[in-house]
Every structure is written in C-alpha cells, then in structure tokens.
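Working notes, beginning with the structure itself.
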Amino acid sequence: MKTVLLLAAALVLAGCAASKYRSSNRDYKKQVKGFAKLLREYPVEDSAGLPYAPEWVGTTNFGMRRPNFVVIHHTAQNSCDQTLKTFTLARTQVSAHYVICRNGTVFHLLNDLLRAHHAGVGRWGNDTDINSSSIGIEIDNNGTEPFTAEQLASLDLLLGRLKRAYNIPVANFVGHSDIAPGRKVDPSKNFPWSDLAKNGYGLWYDTTAVQLPVDFNPMQALRIIGYDIRKPEAAIGSFKLHYLPQDTTRVIADAEKKILFSLQQQSQ
Ligand SMILES: [Zn+2]
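Sequential numbering from 17 applies to the sequence shown in the numbering used here.
Shown next as structure tokens:
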C-alpha cells in the first residue's frame with residue numbers, strides 16, 4: 017500500500033513537471049498541422065491573375081527547403097527557465113530553434129525546417145530574411161559572464177550536426193551582432209569565435225601571407241564579407257566584436273586592414 021501511494025505521488029509529481037509546457041506544446045502541434053495543410057494545397061490561391069493551366073502536373077522531384085546559415089545568440093537572461101518562458105508565450109513573438117543551458121542541456125524548440133523568430137530585422141550580404149534561411153541558437157548567458165565549458169561542448173556537437181545535415185558553408189556561421197550591426201551585440205565579446213573557426217564554424221583570419229592591394233577598400237571588404245555597411249561605424253563595431261573583441265574603437269587601423277583583406281579573400 018505504501019509503495020502504491022509513493023508511486024501515485026511520483027506520478028503526480030511527474031505529471032506536474034510535464035504539464036508546465038503542455039499548452040505551448042499543444043499550440044506547437046496545432047500550428048504545425050496548419051503548415052502541413054498549406055503544403056498539401058493545390059492549386060495555390062494567389063491574386064496575381066496568372067493564366068494557370070487547368071490540369072495539375074505535380075513533379076516527382078523535390079525536397080524540403082533547408083537552412084543555410086546558423087545565427088548564434090546569447091539570451092541576455094539569467095536562466096534557461098526564463099528563456100523558455102519567453103519563447104513559449106505567444107505575446108513575445110520570439111523564439112529560437114535551440115537553447116543551450118549553462119549545464120550543457122540542449123532544448124530543441126522547433127523543427128529545423130520551420131522558421132523561428134530569432135533574427136529580427138537583419139541582413140547578411142543580400143539576404144534580408146535571415147529567419148527564413150537560418151537556424152537560431154540561443155546560449156543561456158547574461159551577456160557579461162563567460163560561456164561555460166559544458167555549453168561550448170554542446171554547441172560544438174550541435175554545430176557539427178547542423179553543418180553535416182544541411183551542408184552549411186563555413187562562412188555562414190555568424191553572430192546576431194554580425195547580421196544586425198548597431199542593433200544587437202550578441203554573442204558578447206566573451207564568445208570564443210576563434211575556437212569555433214578552428215573546428216570549421218565561421219571564418220577566421222590569417223595575416224601572415226597577406227599582401228594588401230594599394231587600392232584596398234575596407235568598407236567594401238566588410239560588405240563582401242557580408243556586413244550591412246549602411247551605418248559604417250555600426251558595421252565596424254560588429255566586425256570588431258567578432259574578430260577583435262577587446263577593441264572598442266570604431267575606426268580601421270592599418271593592421272586591421274590585413275585582417276579584413278584575409279576575410280574578404282575567403283568570402284569571394
Ligand atoms: Zn540575439
């Protein structure tokens with residue numbers, strides 16, 4: 017009898033733990049059903065007045081669209097619980113595919129093939145809809161503390177899986193600050209971009225064999241790398257946060273031109 021009671025208590029407790037996100041989980045499934053319905057739709061209704069053929073011809077050769085970028089963030093919050101709460105309330109309108117907690121636990125909040133709302137207004141090269149083309153990863157971090165070894169180990173595993181699954185180019189692992197200069201500063205200067213680059217996620221520079229051309233244009237280099245240079249100082253700020261995190265100036269000195277040229281050469 018005692019065992020039965022204990023078992024019942026354990027079940028109730030487990031039920032409580034599972035129910036915390038029950039309503040948002042239900043909402044997720046409902047929305048996915050709606051998208052599945054859209055995928056089945058033919059003919060697709062539009063208002064362009066196109067002279068569509070009366071007969072439907074469906075091709076046999078297609079797949080799902082795949083992400084081609086990874087955008088890394090820090091949450092600027094104090095716990096995973098806080099972030100999960102933010103991402104499961106409809107009114108916040110924000111989310112990310114993954115959240116990595118301080119102890120290395122990974123939450124996968126939505127299917128990689130669906131569009132998360134993590135990038136906001138952003139631009140990389142001529143891509144102005146980063147949410148549609150990217151996977152968003154949020155790392156639980158308040159913005160001033162170092163990232164934990166457990167988080168970075170999980171991140172490394174996750175990036176490896178994404179890179180293999182979607183064939184994501186090395187240069188397409190970027191930070192939120194890279195795609196939103198002047199608006200975002202995450203991940204912070206504590207983020208180890210050079211270590212990530214060693215493992216094949218994101219570019220890094222090598223200035224040892226760089227011969228700077230006489231007509232080198234640093235702003236054009238930033239643009240070629242991918243930065244939105246409409247606000248030059250903001251673009252330089254994002255570049256420095258990523259590649260020269262201790263440097264808070266907003267000018268490009270001669271030594272830094274070599275860094276830019278090295279990155280530009282890898283981006284062409
Ligand atoms: Zn962000």
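Glycine included, C-beta positions come from ideal geometry on N, C-alpha and C.
CB of residue i within 9 Å of CB of residue j, strictly
i	j	result
N157	P203	yes
I268	P234	yes
I152	H113	According to the sequence shown, residue 152 is Gly rather than Ile. Going by C-beta atoms, G152 is nearer than 9 Å to H113.
S148	G198	no
S39	P83	no
F85	I146	yes
F207	P261	yes
T104	Y37	yes
Own chain, CB closer than 7 Å to residue i, minus 5 neighbours either side, in chain order
i	result
V201	S193 and L257
N215	D172
H133	Q109, V110, S111 and N147
Q284	I240
N94	N158
P248	M235
L178	V86, I151 and I184
Residue i burial status per 10 Å Cβ neighbour count (16 or more: buried)
i	result
N119	exposed
G74	exposed
Q109	exposed
A225	exposed
D222	exposed
S210	exposed
Y58	exposed
D244	buried
G79	exposed
Y259	buried
Y68	exposed
Own chain, CB closer than 8 Å to residue i, minus 5 neighbours either side, in chain order
i	result
A106	D43
T265	K256
I252	L238, R266, V267 and I268
Closer than 9 Å to chain B by CB, residue i
i	result
D263	Structure shown: chain B not included; a single protein chain is present.
Could you give the uninterrupted runs of the alpha helix (DSSP H) lying entirely in the region 36-118, keeping only those of 4 residues or more? Taking only runs of at least 4 residues, the alpha helix (DSSP H) segments lying wholly in the region 36-118 are 38-56 and 96-103.
Does the count of Cβ pairs from the region 84-98 and the region 144-163 closer than 8 Å reach three? As far as the Cβ criterion goes, the region 84-98 touches the region 144-163, which means the pair count is three or higher.
Quick check: the region 94-102 against the region 128-141, are at least 3 beta-carbon pairs closer than 8 Å? Segments in contact, no.
Counting Cβ pairs closer than 8 Å, one from the region 222-239 and one from the region 268-284, do we hit at least three? Contact between the region 222-239 and the region 268-284 is present, because at least three Cβ pairs lie under 8 Å.
Sequence ranges, beta strand (DSSP E) only - wholly within the region 162-208, length at least 3: As far as the region 162-208 is concerned, its whole beta strand (DSSP E) runs of at least 3 residues are 189-191.
Determine contact between the region 126-135 and the region 59-70, defined as no fewer than three beta-carbon pairs at a distance below 8 Å. No contact exists between the region 126-135 and the region 59-70.
Could I get the ranges of all uninterrupted alpha helix (DSSP H) runs contained in the region 203-274, with 4 residues as the minimum, in chain order? Counting only runs of 4 or more, we get 209-214, 234-241 and 248-259.
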